[in-house]
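Visitor: For what it's worth, the UniProt record's numbering labels the leading residue of the sequence shown as 1, then goes sequentially.
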Amino acid sequence: MMSLMLMSQLDNQWRLQNLEIIWNTLSLLVLCQRKMALGIYLSLVKPRRSKKCKRLVQEFMILNMVESLVNLSLSLLIECGAYH
1 MMSLMLMSQL
11 DNQWRLQNLE
21 IIWNTLSLLV
31 LCQRKMALGI
41 YLSLVKPRRS
51 KKCKRLVQEF
61 MILNMVESLV
71 NLSLSLLIEC
81 GAYH
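1) Which of helix, strand or coil does DSSP assign to D80?
2) Let me know if M61 comes out buried or exposed under the rule of 16 or more other beta-carbons within 10 Å of its beta-carbon.
3) Between the Cα of L33 and those of I22, L19, V57, spot the shortest distance and give me the residue it belongs to.
4) Which same chain residues, not among the five before or five after M36, have their C-beta less than 8 angstroms away from its C-beta?
The following block contains the structure:
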């Protein structure tokens, strides 16, 4: 009985750690997106930096895709009952 309780506690701890990792990843992505959005804006204001602006836009789009994948993964985990 004790080992079953311990397993349940470890399982819950594992779930919380995974949720924390996903949450931190999303938070970091949002911070990166804000910083890049500011960089894109500044690059557009100063047109001499068009190459930098193009690179920033590409990186921004990649970050958006990664964020979408993380959100989708979290949604699938929740729907599959991995997190109640």
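Glycine included, each C-beta is placed from N, C-alpha and C at the ideal position.
Guide: With the given structure in hand:
1) Working through the sequence shown from its first residue, we reach residue 80 at position 80. Here residue 80 is Cys; the residue named in the question, Asp, does not match the sequence. Three-state result, C80: coil.
2) For the purposes of this step, residue 61 is identified with residue 61 of the sequence shown, where counting begins at 1. Exposed is the call here.
3) Your numbering for residue 33 matches position 33 in the sequence shown. Note on residue identity: the sequence assigns Gln, not Leu, to residue 33. Closest by alpha carbon: V57.
4) Here residue 36 refers to the residue found at position 36 when the sequence shown is read from its first residue. Correct list, in chain order: L56, E59, F60, L63.
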